[in-house]
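Here's the structure we're looking at; comments come further down.
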Amino acid sequence: MILEINNVSKSFGGIKALKNINFSVKEGEIHALIGPNGAGKTTLLNIISGIEKMDSGDIRFKNISIKGIPPHKRAALGIARTFQNLEIFGNLKVFENILTGLYLKNQKGFLKSGITLKGIDKDLIIQSFSILEYVNLLNKKDELAKNLPVGEQRLLELGRALATDPHLILLDEPAAGLNMRETKNLSQLIQKIRDEKAITILLVEHDMELVMGISDMITVLNFGEVIAEGEPLMIQKNPSVISAYLGED
Amino acid sequence: MLKIKNLDVYYGKLYTLKKVSLHLNKGEIVSLIGSNGAGKTTLLNTISGLIKPASGIIALEGKDLTNLTPEKIVKEGIAQVPEGRHVFKTLSVEENILLGAYSRYSMKTKREIKESIEKIYELFPKLKERRKQLAGTLSGGEQQMLAIGRALMSKPKLLLLDEPSMGLAPNIIKEVFSYIVELKRVFALTVLLVEQNAKNALKISDRGYVLETGRIILEGSAEDLLMNRDVQRAYLGRDLDAEVRI
Amino acid sequence: MKNLVKASLLIITIAIALIFTPKDSYCKEPYKIGAILSVTGAASFLGEPEKNTIIMLAEQINKAGGINGHPLEVIVEDSKSDETQAVLAAKKLIEKDKVLAIIGPSTTGESMAIIPIVTQAKTPLISVAAGASITQPVQERYWIFKTAQYDTSAVEAIYNHMKNKGIKKVGIITITTAFGDAGRKALIEMAPKFGITVVADERYGPKDTDMTTQLVKIKSAGAQAIINWSVGPGQVIVTKNWHALKLGIPLYQSHGWGSKKNLELAGKAAEGVIAPLGRLVVWDKIPDKHPQKPILKKYVSDYEGKYRSEPGTFGGHAYDAFMMVVEALKKVGPDKQKIRDYIETHIKNWPGTGGIFNMSPKDHCGLDMKAFEMVIVKNGDWEILK
Amino acid sequence: MTLFLQFLFAGLTTGSVYALVGIGFNIIYNSTSIINLAQGEFVVLGGLMMWFFLHSLQLPFSVSLCLTLLTAAIIGLIQERLTIKPLLKKGDLLLMIMVTIAFSILIRGILMFKFGKDPYTYAPFTEGEPIEIFGAIITQQTLWVIGITALCIVLLYLFFNKTMTGRAMKACSLDMKAARLMGINVSKVVMLSFLISAVIGAIGGIAITPISLMEYDKGAMLSVKGFCAAIMGGLGKSRGAVVGGFTLGMLESLTAGYIHSGLKDAIALLIMLFILFVKPAGIFGKTEILRLRKF
Amino acid sequence: MSKGNAIGLFFLGIFVIFFPQIVTDNYILTVGIFIGINALVAMGLSILMGYAGQISLGQAGFYGLGAYVSAILSLKFGLPVPISVFISILTASLIAVILAIPSLRLKGHYLAVATLGFGEIIHIILNEWGPGGPSGFGDIPPFSIFGYTLRSTVEYFYLIWMFIILAMTFSLNLIHSLTGKALRAIHDSELASVTLGINITKLKIKVFVLSSIYASLAGALYAHYVTFLSPSGFSLFYSILILMVVVIGGMTNIWGAIAGAIIITILPEILRGFKEIDILIYGLILTFCLLFMRKGIVPLFIEIWEKRIKK
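Residue numbers (our numbering), protein chains in the order written: chain A, 631 to 879; chain B, 2 to 247; chain C, 557 to 942; chain D, 31 to 325; chain E, 4 to 314.
The following block contains the structure:
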């Protein structure tokens with residue numbers, strides 16, 4: 631198990647967003663986290679990446695508790711993520727966005743950066759290009775990131791996450807705002823990442839076709855609780871999942 | 002009564018509504034169902050004028066509303082109960098209700114508004130009990146009623162309800178839905194109901210539309226939709242025919 | 557349209573005037589004098605009348621045919637009450653305009669800032685600021701003179717008056733600017749010499765709105781009199797607070813008090829306030845036979861005629877500085893070294909607006925306590941105390 | 031005791047003005063999340079314009095008062111329309127901070143051009159001897175200042191809690207989306223908040239000028255102090271600004287009285303820093319959103 | 004460093020070397036010195052604002068600290084000037100760290116006002132306890148190194164612009180390094196930056212310290228050049244002046260600091276004739292820049308230039 635969520639709870643101003651969540655993610659899998667609006671999926675992702683603190687419980691990553699570890703150190707451990715609302719660095723060029731991901735493993739001291747004349751290593755730039763090639767953005771490398779269409783910005787975020795050389799990527803609604811063709815490309819890319827790079831993926835997504843198509847395992851959240859867990863076909867048939875989505879009889 | 006034609010909406014850079022057309026007849030309850038991110042809320046916000054459409058037409062009783070500001074749209078008779086209720090938490094219940102009448106408030110209508118408030122209290126006696134309480138201290142169900150009551154204060158012809166069941170316990174959800182039917186009768190309203198809770202919504206509706214990734218993929222009478230397998234597919238990505246084959 | 561016509565007429569007139577101005581009315585090369593004054597900024601209350609004075613005097617002299625036939629060219633630079641700007645201005649005057657002498661700057665800080673520059677450039681500087689450190693130690697201030705009375709002289713005048721009245725304990729209240737700070741130091745330093753104890757030492761900021769706290773504290777410390785050392789609105793607020801609190805002890809102000817404007821602003825609250833003031837402020841009340849009288853009379857009436865406002869003590873400092881330079885130029889011609897020497901040795905018993913000057917190699921100010929009259933406010937006007 | 035009381039009165043006088051400036055900060059902050067660093071300039075504007083109408087134009091007191099408030103309101107409107115509105119949509123905080131600073135310099139420049147650097151004052155509202163309370167002395171104008179501040183607070187309370195427009199403004203600050211759905215014109219509310227803040231600032235200036243005189247560059251200090259007051263009471267809470275303003279005034283006066291008068295400004299700033307550091311908004315500003323605001 | 008910047012820096016160096024040879028007017032050189040001092044302070048603020056996205060209204064505080072500490076050490080304790088300058092920079096950086104840790108958790112307005120408060124406290128301290136109090140103090144030793152004392156304006160011009168070029172080189176290297184990209188990233192999205200493993204708190208503190216180093220160095224140079232100090236030059240007004248330099252020059256480009264400093268330093272020299280309306284003109288220029296030239300002069304020129312090339 632690469633990621634274990636044990637009894638995680640979180641409340642916002644009296645409202646319980648997460649209640650004793652338990653589930654784990656197997657290494658090398660695409661694990662989807664689904665559930666109706668307000669179920670607490672993004673909150674859980676935020677807690678895993680360390681942006682928000684949980685009230686109680688524990689999270690273990692590669693068998694080490696990451697409770698209380700600040701977000702940038704979690705990234706160093708190998709947790710990367712993308713954002714539902716697109717947090718690209720708009721004023722940087724596309725390849726520079728990737729460079730910010732490479733910063734983690736290649737950073738130099740502040741002082742050293744100031745006295746090194748030749749700037750960024752050629753190697754790193756070449757590395758950034760190859761990542762861009764991997765996510766099909768090489769032809770856009772010199773554009774300002776903010777000028778890309780949404781679909782490509784999503785790919786860029788994914789590429790940037792890849793650049794940190796992670797073991798686990800958290801994807802927060804990567805298909806939101808994409809058209810059919812883009813969604814299809816994305817699902818292929820996600821599978822490729824799992825298969826070729828052996829990176830585990832935790833996916834929050836509303837596009838059920840995508841989720842059902844690529845996931846190895848699905849956890850369903852409703853009202854801050856896990857209501858079902860299983861393989862896609864099982865989930866589709868699960869009556870409590872159906873009622874959570876369609877309403878009760 | 003309400004006519005929407007070929008509506009295209011971008012939310013930031015996201016192309017969220019694609020050539021959406023729908024209509025409501027006077028006195029109907031119409032449900033708009035679909036999974037998260039399908040664009041339901043965006044559609045309501047566009048009708049209310051909070052979001053400007055890129056192209057398309059929205060008309061109420063033949064009057065074009067497409068480029069009016071939200072203030073003017075309220076005056077034209079469309080009120081929205083937003084998703085998440087959005088009550089003014091640190092104002093009292095009564096102040097919340099009163100603010101609902103902002104669009105028709107003047108020296109002359111003061112009296113009339115007082116009467117309207119009483120009418121709301123008749124419908125929701127619980128709110129009357131708690132009129133001096135801060136809205137933030139109400140329970141979820143009570144806040145939902147307050148949000149509905151507040152919207153009714155502008156004397157709308159058309160009420161837009163965005164996920165009234167969200168975050169509520171099942172028994173409260175039933176109560177809320179029964180109120181909606183009651184309201185429609187008392188105020189002779191037309192209601193556009195956006196719900197994830199498809200079964201409950203369709204039960205009280207005359208007709209329904211199914212929205213998927215920004216497109217209307219189905220429309221029909223409530224009963225038809227309840228039976229339709231595509232509705233389930235839209236929600237769960239489940240291809241029932243394929244399943245049969247296995 | 558009318559304005560346009562007027563404007564173009566004006567321009568044409570000026571152009572014609574310029575063309576037909578007889579270029580050879582002065583056939584001799586002009587003498588250049590520089591001035592660095594705080595025309596704007598925090599110390600503009602000093603720089604404004606100083607600038608006006610210098611411009612007025614230069615006009616008068618040129619109208620009268622210049623100095624020995626040479627026209628006088630005065631270049632006034634605004635230092636914006638800022639040391640950096642003063643340094644820039646000094647550089648400009650010395651390097652670019654090549655002036656024979658510099659008048660100013662208006663404040664002690666700015667004067668201190670440019671002392672190294674003028675010393676290096678061997679250019680005489682007649683500062684119009686008060687600080688003693690401007691001209692002391694005198695061997696290091698070879699090129700520097702000043703025309704404003706020492707703060708210590710004003711303090712001496714006050715303490716002298718107090719001594720005669722039998723006041724032994726005073727409370728001082730000063731503004732936290734260079735002016736107030738210099739006064740504060742002098743007040744504390746000189747008190748023992750007159751057998752006076754400073755029982756309270758209070759301060760306030762230049763933008764403060766109420767000083768009752770400090771005044772009450774002074775009174776409760778057992779002071780027999782209050783001395784306020786400031787310029788600007790502070791002295792009026794203190795006066796008003798002092799009046800409202802009915803403290804029952806006299807209020808002394810510094811020599812910065814000498815402006816009719818203060819009397820207007822303070823109204824009847826100012827009744828009874830005592831201050832050491834230069835004779836400029838009370839020129840009409842000093843006896844006719846006093847050697848300063850004719851100078852003061854002419855200067856004040858000229859200034860008021862031209863600018864419709866009072867010159868104040870500070871304008872007078874500029875008058876004295878300017879006239880010293882002019883006299884030196886008249887006598888020795890355009891030679892910086894000779895100008896300096898003339899001022900040091902020949903300004904003796906020299907009546908100016910600030911007092912009767914006695915320059916010497918040991919004293920580059922030449923004024924003492926006698927430059928002041930003790931003045932009390934009575935019926936909204938000054939009255940000289942005997 | 032008498033001494034303490036006297037210090038207290040002094041604190042009340044300055045505290046009143048701080049409170050009024052602080053309230054102005056809050057009103058604008060609530061509707062736009064902007065700190066209007068030009069707030070103090072409106073106090074100066076009030077004092078100087080009042081003098082202008084009273085003395086330069088020789089108008090009666092009541093007329094001058096109305097005209098002064100009108101001028102302040104117009105300048106507040108100009109600030110909002112010309113400098114705030116075009117930038118508000120960009121949502122760049124850095125820019126908003128700088129543009130309010132720029133506007134404050136602009137007002138200062140205009141006032142200096144018009145009035146020069148001299149201080150101005152006019153007669154107190156009522157002539158008469160100061161009043162003695164337990165040996166401590168308080169001038170009639172001080173009473174006016176405190177009274178007017180109290181009146182402003184009461185009027186604002188009534189406005190925000192008893193009128194529809196006031197409620198609408200509160201609604202806007204609480205929940206922008208819901209407010210728009212009620213048919214409230216947010217743009218007008220923002221405009222109104224600038225107008226009210228400008229007028230409140232000007233009222234403070236009008237009341238304090240007979241005591242403290244007024245000159246063109248007093249505004250920056252008042253802005254800083256008023257902001258301290260707002261921070262002390264909790265940004266966004268107007269009752270807080272009142273408490274904060276008076277507390278700050280007292281603290282300054284007591285510091286000057288019992289410790290050292292040279293340090294009173296430093297004390298105010300240190301308290302402000304302390305509050306800022308102990309209760310930071312957090313890096314993701316979530317606490318901001320969740321906090322319930324209240325007038 | 005990018006090629007364009009390297010060429011720019013090279014030409015700046017050439018210009019600095021030959022400028023005093025061509026323009027021998029000491030007055031213009033003095034203006035050049037003050038441009039340099041302002042540019043140095045502005046450069047730090049420009050990196051802080053344009054790259055790390057943090058505002059500071061307290062740069063005058065560090066500027067004043069640098070000036071006073073160096074002046075006091077060399078005058079009262081007789082330390083050699085270079086050492087006192089060094090210690091003054093150290094002091095300022097230390098205080099910057101102490102201030103940065105709590106301040107940089109604040110955002111936007113809170114940060115602006117916290118730094119403003121810091122700057123004013125320094126100003127009050129200089130006023131209350133600085134040598135000479137509000138009147139200031141003089142006779143500060145001029146800059147000297149290895150027994151050679153700098154006296155002429157030209158020497159100071161070279162000294163200060165040498166530091167500018169050094170600081171510029173450091174800044175440009177930093178910005179074009181990977182660290183620089185991380186800084187820009189913080190500006191655009193702090194949220195995404197932390198999830199990429201960027202320690203934003205540490206980087207922000209470092210940039211804050213860098214800005215304090217530039218400011219205190221400038222202050223120390225000022226002290227030993229003018230040889231007289233008083234607190235009035237280190238008030239909030241100077242912080243705002245530097246803010247203007249950065250805004251007008253353009254905060255997303257370090258060259259903007261120099262361009263802005265040239266404009267803001269020369270402006271009063273030109274405006275000497277408009278004494279009554281200088282504040283008004285400042286205000287107008289600043290408002291105008293914020294409303295219509297939000298990016299500042301240098302980025303604007305680069306944009307126009309690039310457009311022309313594209314055509």
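Beta carbons are placed, not taken as given, at the ideal position from N, Cα and C, and that holds for glycine.
Residue-chain proximity (residue i, chain D), Cβ-Cβ < 8 Å
i, result
"Ala800 of chain C", "yes"
"Tyr12 of chain B", "no"
"Met2 of chain B", "no"
"His112 of chain E", "yes"
"Ala115 of chain E", "yes"
Closer than 7 Å: residue i CB and nearest the ligand ATP heavy atom
i, result
"His126 of chain E", "In the structure on display, the ligand ATP does not appear, and there are no ligands present to speak of."
Reference residue i; option with closest CA among the options
i, options, result
"Thr67 of chain B", "B:Lys4, B:Glu119, B:Thr214", "B:Lys4"
"Ser786 of chain C", "C:Lys824, C:Ala738, C:Thr664", "C:Ala738"
"Met810 of chain A", "A:Ser873, A:Glu839, A:Tyr875", "A:Glu839"
"Leu284 of chain D", "C:Lys773, C:Thr795, C:Lys853, C:His799", "C:Lys773"
"Val254 of chain D", "D:Leu38, D:Leu50, D:Ser223", "D:Leu50"
"Val765 of chain A", "A:Pro804, A:Ala775, A:Leu675, A:Leu785", "A:Leu785"
"Gln170 of chain D", "D:Glu157, D:Ser92, D:Ile104, D:Ile178", "D:Glu157"
CB contact check: residue i to chain E, cutoff 8 Å
i, result
"Asn721 of chain A", "yes"
"Ser581 of chain C", "For Ser581 of chain C, the predicted structure reports a pLDDT of 49, less than 50, and the residue's modelled location is therefore unreliable. A value from the coordinates is still provided. So, not an interface residue."
Min CB distance residue i to chain A below 8 Å
i, result
"Ser180 of chain E", "yes"
"Leu226 of chain B", "no"
"Gln145 of chain B", "no"
Under 7 Å by beta carbon: chain D residues contacting residue i
i, result
"Pro103 of chain B", "It is Tyr, not Pro, that sits at residue 103 of chain B in the sequence shown. Correct list: Met194, Ala198, Met212, Gly213, Ile214."
Beta-carbon spacing of residue i, residue j below 8 Å
i, j, result
"Phe719 of chain A", "Phe759 of chain A", "no"
"Lys90 of chain B", "Leu135 of chain B", "yes"
"Ala874 of chain C", "Ile659 of chain C", "yes"
"Ile729 of chain C", "Leu771 of chain C", "yes"
Chain C contact for residue i (CB, 8 Å cutoff)
i, result
"Asp122 of chain D", "no"
Chain-ordered neighbours of residue i on chain A, where CB pairs are closer than 8 Å
i, result
"Asn176 of chain E", "Ser743, Gly744, Ile745, Thr746, Leu747, Gly749"
Where residue i meets chain B, residues with beta-carbon distance less than 8 Å
i, result
"Leu204 of chain D", "Phe89, Lys90, Thr91, Leu92"
Chain A residues whose Cβ lies nearer than 9 Å to that of residue i
i, result
"Ile201 of chain E", "His702, Ala705, Thr730, Tyr733, Leu734, Gln737"
Chain-ordered chain E contacts of residue i [CB-CB under 8 Å]
i, result
"Pro116 of chain D", "Leu294"
Listed by chain order, chain D residues near residue i by CB distance under 9 Å
i, result
"Thr901 of chain C", "The premise fails here: Thr901 of chain C is roughly 39 Å from chain D at the closest Cβ pair, so nothing lies under 9 Å."
Short of 7 Å Cβ to Cβ, which residues in the segment 132-145 of chain D face chain E? Ala132, Phe133, Ile135, Leu136, Arg138, Gly139, Ile140, Met142, Phe143
Against chain B, which members of the segment 206-217 of chain D pass a CB distance test of less than 7 Å? Lys207, Ala208, Arg210, Leu211, Met212, Gly213, Ile214, Asn215
For the segment 49-76 of chain B, enumerate the residues whose C-beta is nearer than 9 Å to any C-beta of chain D, in chain order. Ser49, Gly50, Leu51, Thr70, Pro71, Glu72, Lys73, Ile74, Val75, Lys76
Along the segment 667-691 of chain C, where does the CB come closer than 8 Å to a CB of chain E? Name the residues. Met668, Ala669, Ile671, Pro672, Gln676, Gly687, Ser689
If contact means a Cβ-Cβ distance below 8 Å, which residues of the segment 288-301 of chain D contact chain E? Gly292, Leu293, Asp295, Ala296, Leu299, Leu300
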